[in-house]
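Trainee: One point on numbering: in UniProt numbering, the residue at position 51 of the sequence shown is 51, and numbering is uninterrupted.
For glycine and all other residues, C-beta sits at the position ideal for the given N, C-alpha and C.
In this text the structure is predicted, and so the values were computed from the model without any measurement.
Below you will find the structure I want to go over with you.
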Amino acid sequence: MTTPESDDINFRSYTSRIPFARHLGFELTKFEGGESEIEYTAKPEHLNTFDVTHGGACMTLLDITMAAAARSIAPEMGVVTIEMKTSFMQPSVGPLHARGTLIHRTATLAFTEARIYDEQERVCAHATGTFKYVKRRLPTGPASANEMRPPSTD
């Protein structure tokens, strides 16, 4: 398993550089060889009216898990989501973990899948996704000379 010390910038990019992932409390535990794992326990504000993890939070978990799997073989590149399909099998309750896999890669695209599991290792949700590899952006913000521009999908 990759440890934060082995490649600090790339390993921590999903927990410290993505504000929304940090807000949700995602913890990346695997980032290597086309595979990724993220642990997540929903906070009360991440639940729906049935007191289970909201589908949007689950889709975000799946999206970031698949992106991490795609980036794990090319950490110098960024990725943007091109498309994603999600199936929900059962409610996602309690501590969750997601596992992502890079299924196929071309020069510019990554084809991935991910699953969310509950504490009993039951599959709660499954997704497939296509990601485009893009050059990582230069730092932006008030202290930077770089203009804020979203990555291109061209």
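What residues are listed by DSSP as bridge partners for Gly129?
Mentor: Met84, Thr112
Trainee: So, Gly56 versus Thr101, is the Cβ gap smaller than 8 Å?
Mentor: Not closer than 8 Å, so no.
Trainee: Does the beta-carbon distance from Thr86 to Ala127 come in below 8 Å?
Mentor: yes
Trainee: What would DSSP say about Ile18, mapped onto helix, strand or coil?
Mentor: coil
Trainee: Would you check if there are 3 or more beta carbon pairs closer than 8 Å linking the segment 37-44 to the segment 72-80?
Mentor: no
Trainee: When burial is assigned at 16 or more other CB atoms within 10 Å of the CB, is His97 buried or exposed?
Mentor: buried
Trainee: Mind checking Phe20: buried by the 16 CB within 10 Å criterion, or exposed?
Mentor: exposed
Trainee: In angstroms, rounded to a whole number, what distance separates the CA positions of Arg22 and Met66?
Mentor: 17 Å
Trainee: How is Thr29 classed by DSSP in three states: helix, strand or coil?
Mentor: Thr29: strand per DSSP, three-state reduction.
Trainee: Return yes when the Cβ of Lys132 is within less than 8 Å of the Cβ of Ile64, no when it is not.
Mentor: Going by C-beta atoms, Ile64 is not nearer than 8 Å to Lys132.
Trainee: Which stretch, first to last residue, makes up the alpha helix (DSSP H) that contains Leu102?
Mentor: Run containing Leu102: none in the alpha helix (DSSP H); it sits in the beta strand (DSSP E), 96-105.
Trainee: Is Ala68 near Ala110, with beta carbons less than 8 Å apart?
Mentor: no
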